[in-house]
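Taking it in order: structure first as structure tokens, then the write-up.
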Amino acid sequence: MTASRTLMVPDGLAGERVDVGISRMLGLSRTRAADLVMAGHVLVDGQVPARSTRLEPGAMVDVELPDEKPAVEVRPQIAEGMSLIHQDEDIVVIDKPVGVAAHPSAGWSGPTVLGHLAAAGVEIRTTGDQERQGIVSRLDVGTSGLMVVARTERAYTTLKDAFRARQVGKTYHAVCQGTPDQSRGTIEAAIGRSPQHDYKFAVRNDGKHSVTHYETLEDLQGATLLKVGLETGRTHQIRVHMSAIHHPLVGDPLYGADPTVAERVGLTRQWLHAMELTFVHPVTGRQVTYSSQYPADLQRALERLRGR
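Letter 272 of the sequence shown, counting from 1, is numbered 272 in full-length UniProt numbering, and no numbers are missing.
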């Protein structure tokens, strides 16, 4: 169900950003107001605004308010293998192991990043839905590596904007089956939800613009170790794009990988790891870079693919 509201901008909100104005007019959190704008649920004088659009007095604002999903509780639980790479008053950078979700969701009973931080006494002080507080980007349950979580509202807003503006450097290492035709290349193909299965994604003409860059790091036995950089951050982006060029990630049968290869190297998930994050610290303004190492299961599979 969706409720609709039409509002006239009062003089007192002239010059405010559209998300700030909606937050104040409807009594919503800044986070939810911004999410409504980014999801296309807001029109200003019949036009879709940017989040940074400034309001003019007398403008007509139409807002669709989809029913909020029931909150999912954050359950404090230490996630085995989770490492805190960096922590300060505004952010925490974690090295996420496989098998851990970024945040709680309906149907997921396993460990989460937010549950681990709660159990470790790391307080998240952002507004918005409790089960997603501080999450500015996510890794799949089956993908390991670096994530940054915002601890304050200022850090959350600044980092969210940086991710949307593609100002965050995200470097992954991946092992794909076979050898791509080019040792380095760019895959630019829109991604949307698969028409056959709602839990999968696919290259689609009506999908969201998506760009992946890759380069070969090492030729392996029947596979290739790649360094991958993302311009966009779509769900399953690397997995979908590599499958689209007929080189799915080793250990990823959902996107067409040969399961016998994963069995041979002892892998029970896709060979994909978030190796490096580079961004401007949301408060100090300094550029920071954090790095990770391969976890044991990926290292072991890599050695077997090297024939050792």
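We put the CB at the ideal spot given by N, CA and C, even for glycine.
Computed from a predicted structure; not experimentally measured.
Residue environment for residue 174: buried (at least 16 other C-beta atoms within 10 angstroms of its C-beta).
Here residue 271 is buried. Its C-beta has 16 or more other C-beta atoms within 10 Å. Boundaries of the alpha helix (DSSP H) around residue 156: 153 to 164.
Within the same chain, 72, 73, 74, 75, 112, 114, 115 and 131 come within 8 Å of residue 104 by CB-CB distance, once the 5 residues on both sides are set aside. For residue 237, the uninterrupted alpha helix (DSSP H) segment begins and ends at 237 to 244.
When DSSP states are grouped into helix, strand and coil, residue 15 belongs to the coil group. Here residue 3 is exposed. Its C-beta has fewer than 16 other C-beta atoms within 10 Å. With a cutoff of 9 Å on beta-carbon distance, residue 244 and residue 189 are scored as near each other. Residue 72 is not bridged by DSSP to any residue.
Apart from sequence neighbours up to five positions away, the residues of its chain that approach residue 206 with a beta-carbon distance below 8 Å are 190 and 192, ordered along the chain. Non-local beta-carbon contacts of residue 108 in its own chain, meaning distances under 6 Å to residues more than five positions away in sequence, involve 101 in chain order. Counting along the chain, the unbroken alpha helix (DSSP H) around residue 115 starts and ends at 113 to 119.
In the DSSP assignment, residue 298 falls within the alpha helix (DSSP H) that extends over 296 to 305. The beta-carbon distance between residue 84 and residue 94, rounded to whole angstroms, is 6 Å. This is short enough to meet the 8 Å contact definition. In the structure shown, residue 150 falls within a strand segment according to DSSP collapsed to helix, strand and coil. Beyond the five residues adjoining it in sequence on each side, residue 215 comes within less than 6 Å, by CB distance, of 184 and 227 in the same chain, given in chain order. Residue 90 sits in coil when the DSSP states are folded into three classes, being neither helix nor strand.
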